[in-house]
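First comes the structure, then the notes that go with it.
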Amino acid sequence: MTTWDEVEVGNHQFQIGGLESDPTTNAAETDVFTVSGSGLLMVHTGISAGPVKVGVELHDSAPQTDLGAWDNVAETTVSTTQDLHVMTVDGDVSETLGPIPAPASCVMTLRVSTRGRAANWDRIVDDPCEDYLIQAWPTDTNTPTRQLKSADGMWADHDPGADTFRDDPAIAGTEDANVRLGGPVITRTPDDDL
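Under the numbering used here, the first residue of the sequence shown is numbered 20, with each subsequent residue one higher.
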């Protein structure tokens with residue numbers, strides 16, 4: 020069963036995460052969302068501000084992927100001991116969508132599908148014109164973040180292969196400067212010409 024609600028967008032995004040999630044470090048990115056090191060998903064919207072329609076489905080295992088009904092689809096695995104919530108960038112939680120319960124394994128896959136982001140790019144709207152479907156299920160393995168479909172051209176300004184290193188479990192997303200800044204740390208030596 021899918022539960023739907025309107026969620027307010029701010030600064031081209033809404034969020035999925037625990038109430039104590041930290042949005043300051045990026046661990047992976049697709050054109051649908053950015054995943055922070057603490058497992059918070061910042062979902063990229065087309066509109067700058069206003070309401071969007073968001074649906075949540077809870078599953079026991081991976082549901083079939085319906086790529087035909089959506090413009091963009093991406094999924095990621097997050098480790099969490101907290102229930103996850105759909106919320107605004109200010110942390111206002113959608114009570115209608117309810118919590119996405121943390122599984123006993125503490126590992127969950129989230130698939131986010133989008134539709135309608137290109138129609139009102141960077142606009143402030145009063146009525147919902149974009150749809151988002153969040154599908155969640157427990158898992159035992161941490162699989163890499165992956166883009167399943169990318170058709171609307173929104174938020175696609177990065178090289179999909181460039182983010183592969185960010186899914187390396189050996190990289191501590193909250194501590195490694197390469198992850199935080201998206202590139203290698205370059206240290207000048209006294210022999211470098213200025």
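Ideal Cβ placement from N, Cα and C applies to all residues, glycine included.
Here the structure is a predicted model, which is why all the values come from computation and not from measurement.
Residues near residue i in its chain [Cβ-Cβ closer than 8 Å; skip 5 each side]
{"i": "residue 88", "result": "132, 134"}
{"i": "residue 30", "result": "67, 68, 108"}
{"i": "residue 161", "result": "96, 98, 126, 188"}
Test item: CB-CB of residue i and residue j under 8 Å
{"i": "residue 104", "j": "residue 97", "result": "no"}
{"i": "residue 60", "j": "residue 167", "result": "no"}
{"i": "residue 158", "j": "residue 125", "result": "no"}
{"i": "residue 151", "j": "residue 71", "result": "yes"}
{"i": "residue 94", "j": "residue 128", "result": "yes"}
{"i": "residue 25", "j": "residue 147", "result": "yes"}
Residues near residue i in its chain [Cβ-Cβ closer than 6 Å; skip 5 each side]
{"i": "residue 75", "result": "22, 116, 153"}
{"i": "residue 42", "result": "55, 59"}
{"i": "residue 102", "result": "118, 120, 121"}
Buried or exposed by the 16-neighbour rule on C-beta atoms within 10 Å, applied to residue i
{"i": "residue 78", "result": "exposed"}
{"i": "residue 123", "result": "exposed"}
{"i": "residue 81", "result": "exposed"}
{"i": "residue 145", "result": "exposed"}
{"i": "residue 106", "result": "buried"}
{"i": "residue 50", "result": "buried"}
{"i": "residue 188", "result": "The pLDDT assigned to residue 188 is 47, lower than 50, so where the model puts this residue is not dependable; a value taken from the coordinates is nonetheless given after this. Looking at its Cβ environment, which holds fewer than 16 other Cβ atoms inside 10 Å, residue 188 is exposed."}
{"i": "residue 138", "result": "exposed"}
{"i": "residue 114", "result": "exposed"}
{"i": "residue 35", "result": "buried"}
{"i": "residue 37", "result": "buried"}
{"i": "residue 130", "result": "buried"}
{"i": "residue 48", "result": "buried"}
Simplified DSSP assignment, three categories, for residue i
{"i": "residue 58", "result": "coil"}
{"i": "residue 86", "result": "helix"}
{"i": "residue 157", "result": "strand"}
{"i": "residue 45", "result": "strand"}
{"i": "residue 169", "result": "strand"}
{"i": "residue 28", "result": "strand"}
{"i": "residue 152", "result": "strand"}
{"i": "residue 36", "result": "strand"}
{"i": "residue 22", "result": "strand"}
{"i": "residue 53", "result": "strand"}
beta-carbon residue i near the ligand ZN non-hydrogen atom, thresh 7 Å
{"i": "residue 95", "result": "The ligand ZN is absent from the structure shown, which contains no ligand whatsoever."}
Same chain, Cβ closer than 7 Å to residue i, five either side skipped, listed in chain order
{"i": "residue 136", "result": "64, 65, 90, 149, 171, 173"}
{"i": "residue 169", "result": "50, 91, 175"}
Complete runs of the beta strand (DSSP E) confined to the stretch 58–134 [at least 3 residues]: 60–63, 69–77, 91–98, 104–106, 126–134
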